[in-house]
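Novice: Sequential numbering from 1 applies to the sequence shown in full-length UniProt numbering. Note that CB positions come from ideal geometry on N, CA and C, so glycine has one too. Everything numeric in this text was worked out from a predicted model, so none of it was measured.
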Amino acid sequence: MIRLGVIGTNWITERFLEAAKHVEDFSLTAVYSRTEEKAKEFAGKYGVHTIFTNLEEMAESDEIDAVYIASPNSHHSRQAVLFLENKKHVLCEKPLASNAAEVKEMIEAAQQNEVLLMEAMKSTVMPNFESIKKNISKIGTIRRFSGSYCQYSSRYDAYKKGTVLNAFNPEFSSGALMDLGIYVIYPLVVLFGKPNKIQATGTLLESGADGQGSILLSYDEMEAVVMYSKITESNQPSEIQGEHGSIIINKISGPEAVDIHYREGSRESISVKQDMPSMYYEAKEFVELIHQGKIESDKNSFTNSLLTIEIMDEARKQIGIIFPADH
1 MIRLGVIGTN
11 WITERFLEAA
21 KHVEDFSLTA
31 VYSRTEEKAK
41 EFAGKYGVHT
51 IFTNLEEMAE
61 SDEIDAVYIA
71 SPNSHHSRQA
81 VLFLENKKHV
91 LCEKPLASNA
101 AEVKEMIEAA
111 QQNEVLLMEA
121 MKSTVMPNFE
131 SIKKNISKIG
141 TIRRFSGSYC
151 QYSSRYDAYK
161 KGTVLNAFNP
171 EFSSGALMDL
181 GIYVIYPLVV
191 LFGKPNKIQA
201 TGTLLESGAD
211 GQGSILLSYD
221 EMEAVVMYSK
231 ITESNQPSEI
241 QGEHGSIIIN
251 KISGPEAVDI
261 HYREGSRESI
271 SVKQDMPSMY
281 YEAKEFVELI
291 HQGKIESDKN
301 SFTNSLLTIE
311 IMDEARKQIG
321 IIFPADH
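1) In this structure, does DSSP put Ile142 in helix, strand or coil?
2) Ignoring anything shorter than 3 residues or poking outside the segment 54-114, list the beta strand (DSSP E) runs there in chain order.
3) Our contact map puts Gly320 next to Leu204 with C-beta atoms below 8 Å; I'd like the distance itself, whole angstroms only.
4) Leaving out the 5 sequence neighbours to the left and right, which residues in its chain are closer than 7 Å to Ile290 when beta-carbon positions are compared?
5) Smallest Cα separation from His22: which of Pro324, Asn304, Pro277 and Phe302?
6) Does the beta-carbon of Arg316 have 16 or more other beta-carbons within 10 angstroms, so that it is buried, or is it exposed?
7) When DSSP labels each residue in this structure, what does Glu206 get in the three-state scheme?
8) Would you tell me roughly how many angstroms separate the C-alpha atoms of Glu239 and Phe145, rounded to the nearest one?
9) Can you check which of these residues, His75, Gln199, Trp11 and Glu130, is closest to Gly254 by C-alpha distance?
10) So Val48 and Leu28 are in contact, right, with Cβ under 8 Å, and what is the actual spacing, rounded?
11) Which value, in whole angstroms, describes the spacing of the CA atoms of Ser61 and Tyr228?
12) What's the gap between the Cα of Ala39 and the Cα of Ala200?
13) Determine the direct distance from the alpha carbon of Pro170 to that of Gln274, and round the result to whole angstroms.
14) Assign Thr308 to one of three DSSP states: helix, strand, or coil.
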């Protein structure tokens, strides 16, 4: 049985635990929050008796084998390294860290301590993403990837009224690129690897965080366009264009319906059944890797996580997004 501790008592942690309860050999054992009151309240929902308000004590505890980190982005690296150095396996919410330098430290800590580190990018471990990889050859030579994830943030209304919450505060290494853009960039990296050239533009808000952006990425025989926003809403699907046809992905952040539109006019559904909540698949991958004694995932690998954050670092540099963590 893998005994799990969680850092972060927000909606994403609740959603993760709701999905993870379907995974065998996985149990929530401990909860961390900065305040005892919040830790007790959250733990009570799940019948958990062990709480921590001190991260060092939690990392040294014999009561957990692994930790799920869902704290603000700026805290990821420091917290992950602490647990990795205490021989605890780490599943860390995306983005893995604020920048590539921090990601490298995390990878090094996992390798030195021979424990698992995995970025919690749910989409790339879902069955429908596996179907995309399996069927992509059907559309011939790939010429373009067009990815879009634009979701109006409920916190933007507060921002416009003068309250800057974490989602639009660069102190926490957040903003549209980090929170939503990664959902488009990560699958691109998994499918096509490192681009030759990156050109990025974005809308900087007064807080210093970005509200939206677009990136053009050039490869030898194809190009990719990614669009993301927290200040507009779009239902535009994502698309992989080949010389024989296109793969249409309804939701790049968690593919549910995937179809091939062939050039001559026919269509083929390559969607597969996904009975479980979307975050189930990352929890399952994490547990299976621990049982296999692996320190990284083949799907959400160190290389994929590092390449993704390097692209985001370059995009931030071009747009002018600076985090305290960069210094």
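Specialist: Taking the structure as given:
1) strand
2) 66-69 and 89-93
3) 6 Å
4) Ile2, Ala66, His89 and Leu116
5) Pro277
6) buried
7) coil
8) 6 Å
9) Glu130
10) 6 Å
11) 40 Å
12) 40 Å
13) 36 Å
14) helix
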